[in-house]
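J.: Chain order of the listed sequences is H and Z. Just so you know, we're using our numbering here: the first sequence kicks off at 1 and counts up by one. Just so you know, we're using our numbering here: the second sequence kicks off at 356 and counts up by one.
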Amino acid sequence: MQNYLIEIFGSEIVAYILATVPVLAFIVVFVLFAVWLERKVSAHMQDRLGPMRVGWHGVLQTLADFLKLLQKEDIVASANDKALFNIAPYVVFVTTLITYTMLPFTSIFIGSNADVGIYFVLAFSGAVVAGILMAGWASNNKYSLYGSLRSAAQIVSYEIPTALVVLTMIMLYGTLSLGDITTAQTSQFWNWGIFGGPVLGIGKILLVPFMFVAFIILFISTLAESNRTPFDLPESESELVAGFNTEYSGIKFSMFFLSEFANMFLIGAILVIFFFGGYNSPFGYLGNLLGIEWLIPIEQLFWFLGKGMFFVFVDMWLRWTLPRVRVDQLMTICWKYLIPYAFFNLLIVGLILLI
Amino acid sequence: MSIYDLIFYLFATLTIVSALMVVSSDNIVRSAFYLLATFFGVSGIYVLLGADFVAVTQIMVYIGGILILLLFGVMLTSNITNVEIKKGTAKILPAVIGIGVLLGALVSVMTRTKWKLQLTEIPQTTSFELGKLLITDYVLIFELLGILLLIALIGAASMARREQE
């Protein structure tokens, strides 16, 4: 992708800047769609219709909301720490956006197939905490500060089960690069991570249940890291107004919003890459059948986005099904259940891979 | 000047300016946030040196771990933000001597070391080689560090338990 752009424009700088445009455009379009979907899903689960007025079944509702949000007054209270208050939304958004460089959208569009892949994603999703704490502290508001401290504590503790499961999967694939992990699962759907990955023979049968445990743990812990219900304590409306973004309005608020939804797709994508074959089609490609080469990347993009969107949908489904956990329950789930299970899973998968 | 030189100067300036801000800021929370930029700049310089794994570890450990711990410490300590930080010059003579000796030592090390000058190929990826070295040549240090961290973890858990009872 980059090489192609460098050929066209003849300048590395222009090419690298332009290579980020599709990802940014994707995030904005995805958020517009996902917010509408969230409202529709919640409405239908509560036996309502949801937004119906703007466009067909309200599809343009979020666009209208977004335009409204852009025109809002940018309120900065006089007791805020102005510089930090202004920079915090962008720190949060950029640290989320930066992780998208490692995602293989198709076999030809991947920001960077660097060998640190998943480690880079984990590092930057941990760095988001700095931005959240910045927002909470600079707001000079007790609800914001409580929300940001809760959010930070939650993200930092749930990073441990996430990292343990990621270690398990790295042992299975033998690489950190997300692109190489995806290519290891090509050709048939029984090569997918959830079915034991590219391992053959007796090991594959033994691996399947442990891969399933790994998938459940990774799903719960990444859901908690993205601060979604049932783990949305950082912005529990009934206690904290809106958490760390209480004081924000207009475009800065929409930055937090963008990064939250971008995070949702990111965790879906990580699950898909580790367990469900990334951009690989479960049945083989139509492009191969018809002999049309350019169709394959488009199909791959379809499968990647489709599988990712499915997990985004599951997140929304859970949001309107489960009540919020308490703080002590949150910590119990993490330290007493997820971490020991993830740890034993790591040991057992290691043993199976050795024999 | 290639694009890499430009990026290097960008990161170097970021590191130095933010490090200066860390020591000269009046507000302790702000100092902690300037540290974020310093760590980020250093990690960028690691990337330009071809040490991708070290760069990401820098972000993971320093920004995701130490900085957050620092911020928690600052924010949860009551009235720490109201404490006036003294920035005046006190005991200027010993300070000048100390800094002068350190600077002299650093400069002499920098100029006297025989740096490798031949061009070697920068490895595409370092994580594989690093992993190999950690479980072959440096396995003893690696295991000892693991035990040290485990002791710290058990100590922290037992301290937290005792307070609860």
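Beta carbons are placed, not taken as given, at the ideal position from N, Cα and C, and that holds for glycine.
Output, in chain order, the set of chain H residues within a Cβ distance shorter than 8 Å of D407 (chain Z).
T.: A114, D115 and V116
J.: Say whether chain H places a C-beta atom closer than 7 Å to the C-beta of T468 (chain Z).
T.: no
J.: For a cutoff of 7 Å on Cβ pairs, would you count M514 (chain Z) as touching chain H?
T.: no
J.: On a CA-only basis, which of H:V312, H:S238 and H:G287 is nearest R324 (chain H)? Give me that one, please.
T.: H:S238
J.: Against chain H, with Cβ distances strictly below 7 Å, would L508 (chain Z) count as a contact?
T.: no
J.: Is the shortest distance between the beta-carbon of W137 (chain H) and the beta-carbons of chain Z less than 7 Å?
T.: yes
J.: Among the candidates H:I75, H:E73, H:S148 and H:I108, whose CA atom is the shortest distance from the CA of E293 (chain H)?
T.: H:I108
J.: Is there a Cβ from chain Z that is less than 7 Å from the Cβ of L97 (chain H)?
T.: Taking CB atoms only, L97 (chain H) has no neighbour in chain Z less than 7 Å away.
J.: Which same chain residues end up closer than 6 Å to G111 (chain H) when comparing Cβ atoms and leaving out the 5 residues on each side of it in sequence?
T.: T101
J.: Say whether chain H places a C-beta atom closer than 7 Å to the C-beta of F366 (chain Z).
T.: By this cut-off, F366 (chain Z) is not an interface position.
J.: Taking three-plus beta-carbon pairs below 8 Å as touching, is the region 122-139 of chain H in contact with the region 149-164 of chain H?
T.: For the pair of segments examined, the region 122-139 of chain H was found to touch the region 149-164 of chain H: the number of CB pairs separated by less than 8 Å reaches three.
J.: Counting beta carbon pairs with one atom in the region 61-73 of chain H and one in the region 330-341 of chain H, are three or more of them shorter than 8 Å?
T.: These segments do not touch.
J.: Once DSSP output is grouped into helix, strand and coil, what is the label at I270 (chain H)?
T.: helix
J.: Please work out which residues of its chain come closer than 6 Å, Cβ to Cβ, to G501 (chain Z), disregarding the five sequence neighbours upstream and downstream, and give them in chain order.
T.: none
J.: Alpha helix (DSSP H) containing F363 (chain Z): first to last residue?
T.: Element bounds for F363 (chain Z): I358 to S379.
J.: Counting only Cβ-Cβ distances shorter than 7 Å, please list the residues of the region 75-106 of chain H near chain Z, keeping chain order.
T.: L84
J.: With distances taken Cα to Cα, identify the nearest neighbour of G55 (chain H) among H:F33, H:G126, H:L178 and H:R48.
T.: H:F33
J.: Could you have a look at P282 (chain H) and say whether DSSP puts it in helix, strand or coil?
T.: coil
J.: With DSSP collapsed to three states, give me the class of P161 (chain H).
T.: helix
J.: Thinking C-beta only, is G277 (chain H) closer than 7 Å to Q185 (chain H)?
T.: yes
J.: Give the DSSP-derived three-state secondary structure of P297 (chain H) in the structure shown.
T.: P297 (chain H): helix per DSSP, three-state reduction.
J.: Hey, quick one: how far does the alpha helix (DSSP H) through E239 (chain H) stretch, first residue to last?
T.: E237 to L240
J.: Is the CB of F388 (chain Z) under 7 Å away from at least one CB in chain H?
T.: yes
J.: Using a Cβ-Cβ cutoff of less than 7 Å, which residues in the same chain neighbour V116 (chain H) once the five nearest sequence positions on both sides are dropped?
T.: L176
J.: Under 7 Å between C-beta atoms, does G419 (chain Z) make it to chain H?
T.: yes
J.: Thinking F105 (chain H) and A114 (chain H) are a contact (beta carbons under 8 Å), I'd like their distance in whole angstroms, please.
T.: So it is not a contact: roughly 16 Å between Cβ atoms.
J.: Extract the residue ranges of the alpha helix (DSSP H) inside the region 194-253 of chain H, only unbroken runs of 4 or more that lie entirely within it.
T.: For the region 194-253 of chain H, the full-length alpha helix (DSSP H) segments reaching 4 residues or more read 202-225 and 237-240 along the chain.
J.: Beta-carbon of L240 (chain H) versus every beta-carbon of chain Z: anything under 7 Å?
T.: Taking Cβ atoms only, chain Z never reaches closer than 7 Å to L240 (chain H), which makes this a no.
J.: On the CB-based measure, 16 or more other CB atoms within 10 Å of its CB, does F283 (chain H) come out buried or exposed?
T.: exposed
J.: Which one or two residues does DSSP pair with I110 (chain H) in a beta bridge?
T.: H:P104, per the DSSP bridge assignment.
J.: Quick one: Cα of W317 (chain H) to Cα of M45 (chain H), how far?
T.: Between W317 (chain H) and M45 (chain H), the C-alpha separation is close to 8 Å.
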